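Since the structure comes first, as structure tokens, the remarks are kept for the end.
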Ligand code: PRP
Ligand code: URA
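Numbering (the numbering used here), first residue to last: 43 to 255.
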């Protein structure tokens, strides 16, 4: 797996405000959205394009257009939804599929509770959106799900990742015959005893949308 940690002062600035416990939900949502658009530029570096001829007011020119099938963007509900618009801003013609996953906060195991994706993803490039890569259970399961349906290129876009989560993805998906890229705004120190990223930003879903229980 190729890991790309964004190195840009604007990303670092926005991430710092996002982490701050005093940042309210509307501001958190806006910053998450802006951060994803900045990360999307790097994440789509490998997006498939094909040559196309156009005629400018001056002369013919050869350019590129995005290839078919279109990329599929897959936000992991709930928190990944807060990243969708930021991604669509950069690739508006991408299709969108949904995976609902929740981590059991006692066992830290990810459970899939919803899925709305094409049955056949053969030859599709997929962009998985999830703000937090903590133990890696949710992202590993999501990637495996997409590859089982035929996806042949995966890029995960996360805001923060723990080293333990990155290591788990690398070992669990080591035999995968599909390239996997991870683009993150920051890599943090570790997980705490509750499976939260330290220093992290807390529970991303709660900070975006409020506490459910
Ligand atoms: C959070 C986060 C990831 C997951 C990461 O979701 O958005 O999906 O935890 O943890 P992991 O790497 O240990 O699997 P959560 O389960 O809290 O659900 P939510 O998005 O509905 O809040
Ligand atoms: N999920 C979150 O939302 N935050 C963490 O730190 C870990 C898992």
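Ideal Cβ placement from N, Cα and C applies to all residues, glycine included. Only a predicted model underlies this, so the values are computations on that prediction, with no experimental measurement involved.
Item	Value
Taking 7 Å as the cut-off, is the CB of residue 125 close to at least one heavy atom of ligand 2?	no
Kindly examine ligand 1 and report whether one of its heavy atoms sits closer than 7 Å to the Cβ of residue 181.	yes
Measure the alpha-carbon distance for residue 166 versus residue 219 and round it to whole angstroms.	14 Å
Identify every run of the alpha helix (DSSP H) within the stretch 195-250, keeping only runs that are complete inside it and at least 4 residues long; order them along the chain.	205-214
Quick check on DSSP: helix, strand or coil for residue 150?	coil
Closer than 7 Å to a non-hydrogen atom of ligand 1 - does that hold for the CB of residue 114?	no
For the beta strand (DSSP E) that residue 108 lies in, which residues bound it at each end?	102-108
Just the Cα atoms here: how many angstroms apart are residue 185 and residue 135?	22 Å
State the Cα-Cα distance for the pair residue 171 and residue 93, rounded to the nearest angstrom.	28 Å
Is residue 247 closer than 8 Å to residue 120 when the C-beta atoms are compared?	yes
At which residues does the alpha helix (DSSP H) containing residue 46 begin and terminate?	Careful: residue 46 lies outside any alpha helix (DSSP H), inside the beta strand (DSSP E) at 44-47.
Given a cut-off of 8 Å, decide if residue 159 and residue 139 are closer than it, judged by their beta-carbon atoms.	yes
Below 8 Å on the Cβ atoms is my guess for residue 46 versus residue 224; work out the distance and round it to an integer in Å.	7 Å
Please report how far the alpha carbon of residue 147 lies from the alpha carbon of residue 236, in whole angstroms.	8 Å
Which residues does DSSP list as the beta-bridge partners of residue 171?	117, 199
Does the beta-carbon of residue 150, which I'm using as the reference point, lie nearer than 7 Å to any heavy atom of ligand 1?	yes
Less than 7 Å between the CB of residue 143 and some heavy atom of ligand 2, yes or no?	no
Tell me whether residue 230 is buried or exposed, calling it buried when 16 or more other Cβ atoms sit within 10 Å of its Cβ.	buried
Let me make sure I understand the geometry here. Which of 221, 217, 201 has the alpha-carbon closest to that of residue 59?	201
Take every Cβ of the stretch 72-84, pair it with every Cβ of the stretch 94-111, and state whether three or more of those distances are shorter than 8 Å.	no
Check this for me: beta carbons of residue 115 and residue 155, under 8 Å apart or not?	no
Is residue 128 close to ligand 2? I mean its beta-carbon at under 7 Å from any heavy atom of the ligand.	no
Cβ of residue 163 within 8 Å of Cβ of residue 188?	yes
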